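Each number in this note's numbering corresponds to the 1-based position in the sequence shown with 1493 added. Virtual Cβ for every residue (Gly too), placed ideally from N, Cα, C. Since the structure is predicted, the reported quantities are computational estimates derived from the model, not experimental observations. Note sheet for the following structure.
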Amino acid sequence: DVFTPECKFKESVFENYYVIYSSTLYRQQESGRAWFLGLNKEGQIMKGNRVKKTKPSSHFVPKPIEVCMYREPSLHEIGEKQGRSRKSSGTPTMNGGK
1494 DVFTPECKFK
1504 ESVFENYYVI
1514 YSSTLYRQQE
1524 SGRAWFLGLN
1534 KEGQIMKGNR
1544 VKKTKPSSHF
1554 VPKPIEVCMY
1564 REPSLHEIGE
1574 KQGRSRKSSG
1584 TPTMNGGK
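Quick look at the structure:
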């Protein structure tokens, strides 16, 4: 898979909390307006110069993903766990390990 500059889009949140995508490469020649990604009623891609950011065809609903937050152990906790595992090795030591 090779990604070219045509694959780069700018993601923006529109005023109604929809997400719109504009091309970083292509623009209207006369006005300089960006080309937006849009889908028609059948779900087919529309030409970029026909899509406007205010039209529903360019509005996408962001899908939230489930995120699991894990607490990362501190170095102090890691040191304690290693110290406990050494002490509970199963064989008793006497006189400094001799």
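Backbone secondary structure at Glu-1523 - three-state DSSP: DSSP places Glu-1523 in coil when its eight states are reduced to three.
Can you tell which of Leu-1568, Lys-1556, Lys-1548, Ala-1527 has the C-alpha that lies nearest to the C-alpha of Phe-1502? Nearest C-alpha to Phe-1502: Ala-1527.
Bridge partner(s) assigned by DSSP for Ile-1513: Paired residue(s): Ser-1505.
Taking all protein chains shown into account, do 16 or more other C-beta atoms lie within 10 angstroms of the C-beta of Phe-1529, making it buried, or fewer, making it exposed? Phe-1529 should be labelled buried.
Could you compute how far the alpha carbon of Phe-1496 sits from the alpha carbon of Glu-1570? Each residue's alpha carbon lies about 43 Å from the other.
Val-1544 and Tyr-1511 look like a contact to me (Cβ under 8 Å); what is the Cβ gap, rounded to whole Å? About 13 Å separates the Cβ atoms of Val-1544 and Tyr-1511, ruling out a contact at the 8 Å cut-off.
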